[in-house]
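> First the structure, then my questions, so here it is.
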Amino acid sequence: MSILFYVFAGLAIGGAVGVVMAKSPVGSLLFMVTTLAAMAGTFVLLEAHFLAAIQIIVYAGAIMVLFLFVIMLLNLGHDYQKDLRGGAFAVLSFGVIGGIAGLLARQLGATGSLSGPGAGAIDAAIAEHGALGAIAEPLYTTYVVPFEITGILLLVAIVGALVLAKREV
Amino acid sequence: MLEPIQGIPALIAMMLKNVGIFTLVILVVAYATLAERRVSAFIQDRRGPNRVGPFGLLQPIADGIKNILKEETLPATASRFFFVLAPILVLVPSMVTFAVIPIAAPLPTPWGVVDMVIADVPIGILWVLAFSSLAVYGVVLGGWASNNKYAFLGGLRASAQMVSYEVALGLSLIAVLMMAGNVTLTDVIWQQQQLGMWFAFPLSLAFILFVISAFAETNRLPFDMPEAESELVTGYHTEYSAMKFSAFMISEFGHMVTASALMATLFLGGWDLPGAWDDAYWYNGILISGFGADGAAILAQPSALKTLLTFLGFGAKTGFFLLVYIWIRWTLPRFRYDQVMSLGWKVMLPTALAYVMLVAMTILLLDELGVAYGFGYGLALTAVSGAATFAFMFFLDRGRTITGAAAQRTQRVEVKTIPTKVAATEAGATPAPAGD
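Residue numbers (my numbering), protein chains in the order written: chain F, 1344 to 1512; chain V, 13 to 448.
Right, here's the structure in full:
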């Protein structure tokens, strides 16, 4: 199991580095798919099968295809390279990474473990309801209002995107 | 001994299943290509390939040798890495999806009971959806990396079509999942055994929607827009030759085999044969064949003969759907691209959504009325779904929904406005028959 974890973790980090380093945008995208798929693999190792499936279906499967569309249809040449390299962006990205690493280190230092509280409760929920029920049960009972509001928000976003796109054409 | 197989024997059984099932899938794919050519010949009143071996049975092997020995071409302007990567990305998902489909009843061995499925993962059907959504990458990448306009257009069409029909596919699955109460395919089969009828009857409209979407997902006629020969040469694999082209072909047939097996599993009971004699399910660690009148579990009696018979049943159902795939390809003409899109978004999606609501309400009503999950439950749902299917068929009548027919109506209006002089010259000619 731990060997598999190192394989997936290596793939995820390697893919993430590749996203930044790759020369062509399509290469970057495929590296990003690698990262997302490797993260799905680590989710499986954590017994979060449903999350892994959703990770692939939603991120790797649907959104990345749209990204691919954008890159191909815009037909980016070589004028994109200087935009995101060096200067303020480098400082900003290192700042964000540093912030996340700091938060993780704080958690590790305080509790000696990176998993939050309630890991046992999640195990119990999975044992009782199965891989899907453990997520579906709270999602459709305790958190049903925020969940539905998120749905409406996304719908509004879609309608807004359509309206904006129509105006261009 | 009704214990699940454990330890070293389980590992060996796992390896045997892996090798056995994937070899079987590859073999079926190879012979599906032959079947396609023979059935198309039969439909067109020809003989088809019958020279290599008895009845042409060695034809797939000859094809394979030919494809391996052919020259691999690489277009000068193609991006080499992605060009080679694309066939691999297409091939892998089409094969891997078969891992979650149970092919027969559990097999008893001296070391324990072996489930006849490679991996009964807890996410079941989501595994299939995940990998079928990854299959788009290979197609798009192949089209783009070829650096050829036809290939690129084919790739774009393929991705648009597959993304669109994935929605209807997923929604038609929801009805099945509501009946099964779980996403693993063993559970879907078990619930069909418990219901006493296969889901094709109580969920008839979901069945139809699933079959249509699966045709679109596999890019088969009448949805083979991505490789429409008359417009795009052969679409996304225009520039591919030899074994790389073969990889695209194998993956198309692999998708067909997997989709056929899925239709059989979800809607025709998988390996289940009529009657309760072959039912088997792991319930709290024991293999049962059902519940008695007092709610006590009845132990299953697995045997090698039952496994063999159920495997043959599964093979027959899958083979039937494969035949339907081929049959439809040589019967129906290709859709126009805008028709494919409007069918997907304006017909399939709303119908699937409405049907999910209908099934949910019916299930809720039946549960509230206290109808036990069994044959009567199934009959009630069959009646409701039958009415929905009839309405769907009525409104999907091609005169109403497909834009070609709508265009005909506007033309008819235009004909009326033509000056009498022109109309008089046309009156002499026999009127063209309506395009049926």
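Heads up, the beta-carbon is just placed ideally off N, CA and C, and yes, glycines get one too. The structure displayed is predicted, hence computed values, not measured ones.
For a test of the three-state rule: what should DSSP assign to V/Pro443, helix, strand or coil?
Residue placement at V/Pro443 is flagged as unreliable, the pLDDT there being 47, under the threshold of 50; the coordinate-derived value follows with that caveat. Note: V/Pro443 maps to coil in three-state DSSP.
> Is the Cβ-Cβ distance between F/Ala1405 and V/Val175 less than 9 Å?
yes
> Between F/Phe1393 and chain V, is there a C-beta pair that is closer than 9 Å?
yes
> Hey, quick one: how far does the alpha helix (DSSP H) through V/Leu28 stretch, first residue to last?
Element bounds for V/Leu28: 19 to 55.
> For chain V, check one thing: does any of its Cβ atoms lie closer than 9 Å to the Cβ of F/Ala1403?
Judged by the 9 Å Cβ criterion, F/Ala1403 is in contact with chain V.
> Determine the direct distance from the alpha carbon of F/Gly1438 to that of F/Leu1451, and round the result to whole angstroms.
Taking the straight line joining both Cα atoms gives about 20 Å.
> Per DSSP, V/Phe303 forms a beta bridge with which residues?
V/Ala309
> Using only the alpha-carbon positions, how far apart do V/Ile340 and F/Lys1509 sit?
Their backbone Cα atoms lie some 38 Å apart in a straight line.
> Mind checking which residues open and close the beta strand (DSSP E) that includes V/Gly124?
From DSSP, the beta strand (DSSP E) with V/Gly124 extends over 124 to 128.
> Less than 8 Å between the CB of V/Ala131 and some heavy atom of the ligand FAD, yes or no?
Judged by which ligands are present, the structure shown has none, so any question about the ligand FAD falls away.
> Excluding the 5 residues preceding and the 5 following V/Leu280 in the sequence, name in chain order all residues of the same chain whose CB lies nearer than 7 Å to its CB.
Trp210, Ala212, Lys329
> Spell out the partners DSSP gives V/Tyr295 in its beta bridges.
V/Ile298
> Measuring only the C-alpha atoms, how far is V/Pro445 from V/Leu344?
With a pLDDT of 48 at V/Pro445, under the threshold of 50, the modelled position of that residue is not reliable, and the figure given next carries that caveat. Roughly 19 Å separates the two Cα atoms.
> Below 7 Å between beta carbons is the criterion; list the residues of the segment 132 to 145 of chain V that meet it against any residue of chain F, in chain order.
Val133, Pro134, Ile135, Leu138, Trp139, Leu141, Ala142, Ser145
> Please report the Cβ distance between V/Leu378 and V/Ala392, rounded to the nearest whole angstrom; I am assuming they are in contact, meaning their Cβ atoms lie under 8 Å.
6 Å
> For V/Leu81 and V/Trp342, what's the separation of their Cα atoms in angstroms?
30 Å
> With distance defined between alpha-carbon atoms, name the residue in F/Ile1400, F/Leu1447, F/Gly1503 nearest to F/Ala1380.
F/Ile1400
> Buried or exposed for F/His1421, please, with buried defined as at least 16 other CB atoms from any protein chain shown within 10 angstroms of its CB.
Confidence at F/His1421 is low in this model, with a pLDDT of 48, below 50, so the placement of that residue should be treated as unreliable; the coordinate-derived value is given next. Exposed is the call here.
> Comparing alpha-carbon positions, which option in V/Met191, V/Val96, V/Ala364, V/Leu189 lies nearest V/Glu84?
Ranked by how close their Cα comes to the Cα of V/Glu84, the residues V/Met191, V/Val96, V/Ala364, V/Leu189 have V/Val96 in first place.
> Starting from the C-beta of V/Gln204, find all residues in its chain whose C-beta is less than 7 Å away, skip the five residues before and the five after it, and write them out in chain order.
Answer for V/Gln204: Trp210, Phe211, Gly281, Asp284, listed in chain order.
> The beta strand (DSSP E) with V/Leu119 in it runs from where to where?
116 to 121
> Roughly how far, in whole angstroms, is the beta-carbon of V/Gly154 from the beta-carbon of V/Tyr248, given that I think they are within contact range, below 8 Å?
5 Å
> Measure the Cβ-Cβ separation of V/Leu10 and V/Tyr162 and say whether it is below 9 Å.
This structure cannot speak to residue 10 of chain V, because chain V is shown only from 13 to 448.
> Using the C-alpha atoms, what's the distance from F/Ala1391 back to V/Pro238?
36 Å
> Note down the Cα distance separating F/Phe1393 from V/Ala254, rounded to an integer number of angstroms.
39 Å
> By how many angstroms is the C-alpha of V/Leu361 removed from the C-alpha of V/Ser354?
10 Å
> Under 9 Å, Cβ to Cβ, is there at least one residue of chain V near F/Leu1475?
Judged by the 9 Å Cβ criterion, F/Leu1475 is in contact with chain V.
> Near F/Ala1365, what residues of its chain come up, given a Cβ to Cβ distance below 7 Å and the 5 sequence neighbours on each side ignored?
Ser1371, Phe1374
> Beta-carbon of F/Val1512 versus every beta-carbon of chain V: anything under 9 Å?
In this prediction, F/Val1512 scores a pLDDT of 48, lower than 50, which makes its location untrustworthy; no coordinate-derived value is stated.
> Secondary structure at V/Pro16, three-state DSSP: helix, strand or coil?
Looking at V/Pro16 - three-state DSSP - the assignment turns out to be strand.
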